[in-house]
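The sequence shown begins at 1 in full-length UniProt numbering and counts up one residue at a time.
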Amino acid sequence: MIQVTEITNRGQKSALATAVLVDLPEWFGIPESTKAYIEAVKNLQVWGAYDGDQPVGFISLSYSSEDCAEIDCLAVKKCYHRLGIGSRLLGVLENAARQKASYL
């Protein structure tokens, strides 16, 4: 069963993003850009999706202004596509964003 949880530890955020993004070279195949996502996620609000203890996806939230939230990155490992994990992550992010921002 897939569990979605908020990640607050900077190192865990980075490890989660790395584990997921390296599985998606078709979308995150430019090494410099992938490194930028992995570094940036440390300072953002992040939720991870896990199959047991294995990371399978994540979503990160940033704020462009006091009342405007943005999805920074949403990624799910290929073998977990079409299982609703991205939708679950998006739902969690939307609920959190509504508490702080007027726009997403």
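From the three backbone atoms N, C-alpha and C, an ideal C-beta is built for every residue, glycine too.
Go ahead and label residue i buried or exposed: buried means 16 or more other beta carbons lie within 10 angstroms of its beta carbon, across all protein chains shown.
i           : result
residue 25  : exposed
residue 38  : buried
residue 30  : exposed
residue 115 : What the structure shows of the chain is the stretch from 1 to 104, and residue 115 is not part of that stretch, so it cannot be assessed.
residue 60  : buried
residue 22  : exposed
residue 77  : buried
Determine the DSSP secondary structure at residue i, reduced to helix, strand or coil.
i          : result
residue 46 : strand
Contact the stretch 10–27 vs the stretch 44–63: 3+ CB pairs below 8 Å: yes
The stretch 72–87 in contact with the stretch 28–43 per 3-pair CB rule at 8 Å: yes
Every unbroken alpha helix (DSSP H) within the UniProt domain "N-acetyltransferase" (7–104), with a cutoff of 4 residues, ordered by chain: 10–21, 31–40, 85–100
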